[in-house]
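Participant:
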Amino acid sequence: MIKFLVYVAIILTVLAIGYLVRVFELASALKGKKQEEVTDGDNRFMSKVMLTYLVVFFSFVIWVLWEFGPKLLPESASEHGIFLDKLFDFNMAIIWIVFVLTHTLLFYFSYKYYGRKNNTATYLPHNNTLEMIWTVIPAIVLAIIVIYGIKSWNKITADADPKTTIIEIYAKQFDWTARYAGKDNVLGASNYKLITSTNDLGMDTTSKEGFDDIIVKNEFHIPVNKEVEFKFRSRDVIHSAYFPHFRAQMNCVPGMTTMFHFTPIITTAEMRKKPKVVELMRGINQIRADRGDKPEEFNYILLCNKICGKSHFNMQMTIVVDTQEDYEKWLATKKPFLSKALIGSETPVIKTKEQLTEKK
Amino acid sequence: MSMDNLAHSNEHHTHDEHHHEEHHHEESFVSKYIFSMDHKTISRQFLITAVIMAVFAMLMSVLFRLQLAWPGEKFAIINALLGDKWGKDGILDPEMYMALVTIHGTIMVFMVLTGGLSGTFSNLLIPYQIGARDMASGFLNMLSYWFFFLSSIIMLSSFFIETGPASGGWTVYPPLSALPQAMDGSKLGMTFWLISMTFFIVSSLLGGLNYIVTILNLRTKGMSMTRLPLTIWAFLITAILGVLSFPVLLSAALLLIFDRSFGTSFYLSDIYIGGQALEQTGGSPILYQHLFWFLGHPEVYIIILPALGITSEIISVNSRKPIFGYRAMIGSLMAIGFLSFIVWGHHMFITGMNPFLGSVFVFTTLLIAIPSAVKAFNYITTLWKGNIRFTPAMLFAIGLVSTFISGGLTGIILADSTLDIQVHDTYFVVAHFHIVMGVSAILGMLAGVYHWFPKMFLRHMNKKLGYVHFWLTFISAYGVFFPMHFLGLAGVPRRYYTNSAFPMFDNLVELNVLITCFALLGAFAQIIFLFNFFYSMFRGPKSVQNPWNANTLEWTTPMAHTHGNWPGALPVVHRWPYDYSKPGKERDFVPQTIPLAEGEEDGGGH
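Protein chains in written order, with this note's numbering: chain A, 20 to 379; chain B, 349 to 954.
1. Counting only C-beta atoms, is B/F805 closer than 8 Å to chain A at any point?
2. Is A/K174 helix, strand or coil by DSSP?
3. Mapping DSSP to helix, strand and coil, what is B/N810?
4. Listing by chain order, which chain A residues have their CB less than 9 Å from the CB of B/W819?
5. Rounded to the nearest angstrom, what separates B/E370 and B/G912 at their Cα positions?
6. Taking Cβ positions only, does A/W172 come closer than 8 Å to chain B?
7. Nearest to B/A871 by alpha carbon, out of B/I716, B/P895, B/F548, B/H817?
8. When DSSP labels each residue in this structure, what does B/E370 get in the three-state scheme?
9. Would a check of beta-carbon distances place B/D437 closer than 8 Å to chain A?
10. Based on Cα-Cα distance, which residue from A/I284, A/A260, A/A288, A/L357 lies nearest to A/L322?
11. Select from B/L578, B/L488, B/F886 the residue whose C-alpha is nearest the C-alpha of B/Y727.
12. What whole-angstrom Cβ distance do A/S386 and A/L106 have, given they're in contact under 8 Å?
13. Determine, using beta-carbon pairs with one atom in the stretch 679-698 of chain B and one in the stretch 736-751 of chain B, whether at least three such pairs fall under 8 Å.
14. Can you pull the chain D residues whose beta carbon is under 9 Å from the beta carbon of B/D607, in chain order?
15. Quick one: is A/M290 near chain B, going by C-beta distance under 8 Å?
16. Measuring CB to CB, does A/C271 end up less than 8 Å from A/I326?
17. Going straight from the alpha carbon of B/L901 to that of B/K803, what length do you get?
18. Could you check what DSSP says for A/V256 in three-state terms: helix, strand or coil?
19. For B/G796 versus B/M456, is the C-beta distance shorter than 8 Å?
20. So what does A/N270 bridge to, in DSSP terms?
21. Under 7 Å, CB to CB, which of the residues in the stretch 266-278 of chain A have a partner in chain B?
22. With a Cβ-Cβ cutoff of 8 Å, do B/S515 and B/M531 count as a contact?
23. Using a beta-carbon distance cut-off of less than 8 Å, what residues from the stretch 694-715 of chain B approach chain A?
24. Check this for me: beta carbons of A/V256 and A/G207, under 8 Å apart or not?
25. If distances are taken between C-alpha atoms only, which option among B/L743, B/P889, B/L944, B/M385 comes closest to A/E55?
26. Check each candidate in B/R807, B/F830, B/P851 and name the one with the smallest Cα separation from B/F886.
27. In chain A, which residues lie with their C-beta within 8 Å of the C-beta of B/D936?
28. With 16 as the cutoff for other CB atoms within 10 Å, does B/N860 come out buried or exposed?
29. Shorter than 8 Å from the beta carbon of B/S660 to some beta carbon of chain A?
30. Do B/L542 and B/V596 have their CB atoms nearer than 8 Å?
31. Are the C-beta atoms of B/Q415 and some chain A residue less than 8 Å apart?
32. Quick one: what does DSSP say A/S97 is sitting in, helix, strand or coil?
33. Output, in chain order, the set of chain A residues within a Cβ distance shorter than 7 Å of B/E443.
34. For a contact defined as C-beta to C-beta under 8 Å, what are the partners of B/T539 on chain A?
35. Compute the Euclidean distance between the alpha carbons of B/N353 and B/W914, then round it to the nearest angstrom.
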């Protein structure tokens, strides 16, 4: 019954609009004016709307900055993130200047030069000087942006120190696994054909380098002020390992290993005390309390940033940045995955190196 | 009456041999309105199909915006439209969410802004503005539309299969899209997607080749390349981009079809999924991305260039001023077109591609900013000291300049590989490309619809509804996409069904509500447009021959849909199309058909 009434209401509304338009048409036909013609009055009115829009738009922009600016990510927790943020601010400054300038001109000109019947536009087909100016100036500015950007890029993507701690991040639908290379700092061999329910990463039980490898889920720890090299792999589809607080990201591509290295500079405990983070978490926990959720503490998060299937939105792992001491303590509590009990009990086990190398 | 006028005109043997017999017989309803080979009818077919597809795509965006703003809330409309399978109790299913996002993107990018925009305006304006009777091949042109129609139908029909439509994002990266085990959308839905896109590519190639040949060969007497309106230049470059890049997409799709159905491993290697290790090894998913973006990047220019061309024309006509820097505008179109082929890698900075290659792409990508800046400044200068007439089309054109600038500027962030590390695949990207190519191209398309509606349907659209439509659309577009940048800067990834799995995003809920409210306002504004569009088609006030006092040739045709466009001889062109407010002239416009006065210089020839 209610549905029926809704349909009736919709039909009546459409009819009413139709009639209103018809009445409007007849009325303007009676007055003998062509409604489609743009009059000086229309132009004057629209020019004022243009100017109003400029003001309202800029106010909106400022309001959004004011309201949501403080809710963005806290300061970078990695070394390279600091200069990445600086580069961002530099580019952003240029963008804001051009944005404000061009929009002011665009809407101000639209306001100022509205059409009047007895007015004539200025015939100005081109002007080489002007055109030269706005080709050369952007070219120079962009050259600076390019050079600054590529310099930073080269710095970030330069090879890691060979002694850097190696951690493998292994992605699958829909979780992450971290594998520590252990004392020898070399990851043991693995093969996707060896994957079983107990051997999630397909570790080769004959690869000596892998005997000391430690595998963790849900949460992994890294030491502060020490470079870490991440090696990314994926089991099924493309995932992307995104560490927003560290300004780091790399895709995990099945069939190949990708890499990214960075140095964390703020421990989780220190970050939780930063005024901005305290403020952020206060706001978040306020919202959570209103919803009836339990409060949360700040955590560094690894999340998936490449569409990977149904639960793409909930593929996460907590990262804890520890002091060196705490990190070592934590690592000592973890046992290598291939403990004696497991070696030999796993099936299928590829015995010879030859069979393994066949794969690549 | 149209047929008779044309049938025995003497002139039509001189310029248009391609156009013989068909005027001599009466056309049936089918050949006139359905399988028509007339560029005007085909253009209207493209437009109406695109409008309908846009309605579907917009509706999809409303559904997923509801989910994003109020995750877990029940909406009767979701249940009503998607049923119990995908909208149980009015809550959107996560896989359906992905499917909606995917098909929204695909329809908007391909069906609306490529097929709809180029198909409508290239078909309408190329013969009209170059002074030709029709396209070089009316038959291929007709096929182009019907392949497009077929492709649209297949795309929509994938909503009616059990496992749902493709849902791996509009870029359909394998292995996700290649493996039916990976998600439901990669089952039959993905096959539908690939078939639909194959037909779309055929349509696009048939259309594109036709546009190029027509522009190069069928220009009327006096219509040199430097007297072409900028619309035609834009359509020409667009068509060339399409012809060069769409075949690459076809090859990408073909290899994907092989991987999906015939057990090859072009894109697959070392995969364990669904409790099983796959045999395929040696392929690379990155290969697909290279192939896809080799089309994908030119594609965004295929979308935006026609809109820029339309804007150039409309801004000039309504400022009553020549477009500033006509030659620079052509040069920048060419530069953008050329550069668009060597920047695709900027979509792949963090795929594990060699970092050195990344820096090359940074350089080429940022180069595009130069011709784009030239265009923006030229538009603004065209307004300067103009005598601006605010038709609805003009408002949309000005809106385009604004969104083209603000969207282009954030591109500077994304083109910088270093910064891309942080914002790649976040909402910052979504905001960027929606403003710069989505909103801009839609504003350009709507500008074109308002401006050439009198040519297409011989009537005017309602001006006041047009004003309301523009302001609501423009305000809601910025209302949606400006705050969206902040989601990205807060680290929110795109294509998340809900952000509630992460406490760190809890304080951004309000932002999502704000965005959805503007999205709903935007959707409402389009209802006004739809009403105005369909109502005016039949009941709008009749237009005069040259309602905007414009110079280009289409306004010299009679106010009837004459087969062959001009009843008598083809017009002869004597000047460039931008002689507005030229000093010493009686009126503030001088149509291209008026001969140069003695000693008068042609504007385009500087």
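From the three backbone atoms N, C-alpha and C, an ideal C-beta is built for every residue, glycine too.
Facilitator: Well, looking at it:
1. For this step, residue 805 of chain B is matched to residue 457 along the second sequence. Judged by the 8 Å Cβ criterion, B/F805 is not in contact with chain A.
2. Taking the first sequence and counting its residues from 1, the one referred to as residue 174 of chain A is at position 155. In this structure, A/K174 counts as helix in the three-state DSSP scheme.
3. Your numbering for residue 810 of chain B matches position 462 in the second sequence. Coil.
4. The count along the second sequence starts at 1 and reaches residue 819 of chain B at position 471. Under the 9 Å cutoff, chain A gives V68, Y72.
5. Translated into positions along the second sequence, residue 370 of chain B becomes position 22. Translated into positions along the second sequence, residue 912 of chain B becomes position 564. Low confidence applies here, because B/E370 scores a pLDDT of 46, under 50, leaving its location unreliable and the question unanswered by this model.
6. Taking the first sequence and counting its residues from 1, the one referred to as residue 172 of chain A is at position 153. It does; some Cβ of chain B falls within 8 Å.
7. Along the second sequence, read from residue 1 onward, the residue named residue 871 of chain B stands at position 523. Nearest C-alpha to B/A871: B/H817.
8. Numbered from 1 along the second sequence, position 22 holds the residue referred to as residue 370 of chain B. Residue confidence for B/E370 is low, a pLDDT of 46 falling below 50, so the modelled location carries little weight; the figure read from the coordinates is stated next. The answer is helix: DSSP assigns B/E370 an H, G or I state.
9. If you number the second sequence from 1, residue 437 of chain B lands on position 89. Chain A contact via Cβ: absent.
10. To locate residue 322 of chain A, count along the first sequence from 1; it is residue 303. When only C-alpha atoms are compared, the closest one is A/A260.
11. Your numbering for residue 727 of chain B matches position 379 in the second sequence. The shortest C-alpha separation from B/Y727 is found at B/L578.
12. With chain A covering only 20 through 379, there is no way to say anything about residue 386 of chain A.
13. no
14. No chain D appears in the structure shown, which is made up of the protein chains A and B.
15. The residue labelled residue 290 of chain A in the question sits at position 271 within the first sequence. So no, A/M290 is outside the interface.
16. Along the first sequence, one-based indexing puts residue 271 of chain A at 252. Along the first sequence, one-based indexing puts residue 326 of chain A at 307. No, they are not a contact pair.
17. Against the second sequence, residue 901 of chain B aligns to sequence position 553. Against the second sequence, residue 803 of chain B aligns to sequence position 455. Whole-angstrom Cα-Cα distance: 11 Å.
18. Numbered from 1 along the first sequence, position 237 holds the residue referred to as residue 256 of chain A. Coil at A/V256, not helix or strand.
19. If you number the second sequence from 1, residue 796 of chain B lands on position 448. If you number the second sequence from 1, residue 456 of chain B lands on position 108. No, these two residues do not count as a Cβ contact at 8 Å.
20. Start at 1 with the first residue of the first sequence, and residue 270 of chain A comes out as number 251. DSSP, once it has assigned bridges, lists A/S259 as partnering A/N270.
21. R266, A267, Q268, M269, N270, V272, P273, G274, M275, T277
22. For the purposes of this step, residue 515 of chain B is taken as residue 167 along the second sequence, with counting starting at 1. For the purposes of this step, residue 531 of chain B is taken as residue 183 along the second sequence, with counting starting at 1. In this structure, B/M531 lies closer than 8 Å to B/S515 by Cβ.
23. I698, T699, G700, P703, G706, S707, V710, F711, L714, L715
24. Against the first sequence, residue 256 of chain A aligns to sequence position 237. Against the first sequence, residue 207 of chain A aligns to sequence position 188. Their beta carbons are not under 8 Å apart, which means A/V256 does not touch A/G207 by this criterion.
25. One-based indexing of the first sequence puts residue 55 of chain A at position 36. Of B/L743, B/P889, B/L944, B/M385, the residue nearest in Cα terms is B/P889.
26. For the purposes of this step, residue 886 of chain B is identified with residue 538 of the second sequence, where counting begins at 1. B/F886 has its Cα closest to that of B/R807, out of B/R807, B/F830, B/P851.
27. In the second sequence, counting from the first residue as 1, residue 936 of chain B sits at position 588. Per Cβ cutoff of 8 Å: T139, A140.
28. Translated into the one-based positions of the second sequence, residue 860 of chain B becomes position 512. Buried: at least 16 other Cβ atoms inside 10 Å.
29. For this step, residue 660 of chain B is matched to residue 312 along the second sequence. So no, B/S660 is outside the interface.
30. Taking the second sequence and counting its residues from 1, one reaches residue 542 of chain B at position 194. Taking the second sequence and counting its residues from 1, one reaches residue 596 of chain B at position 248. Cβ atoms of B/L542 and B/V596: not closer than 8 Å.
31. If you number the second sequence from 1, residue 415 of chain B lands on position 67. Answer no: the Cβ-Cβ gap between B/Q415 and chain A never drops below 8 Å.
32. Here residue 97 of chain A corresponds to residue number 78 of the first sequence, with the count starting at 1. Strand.
33. Translated into positions along the second sequence, residue 443 of chain B becomes position 95. The contacting residues are K329.
34. In the second sequence, the residue the question calls residue 539 of chain B occupies position 191. Residues of chain A passing the Cβ test: none, with the nearest at roughly 18 Å.
35. Walking along the second sequence from the start, residue 353 of chain B turns up at place 5. Walking along the second sequence from the start, residue 914 of chain B turns up at place 566. Residue placement at B/N353 is poorly supported in this model, since its pLDDT is 42, which falls under 50; the coordinates still yield a value, given next. Cα to Cα, B/N353 sits roughly 9 Å from B/W914.
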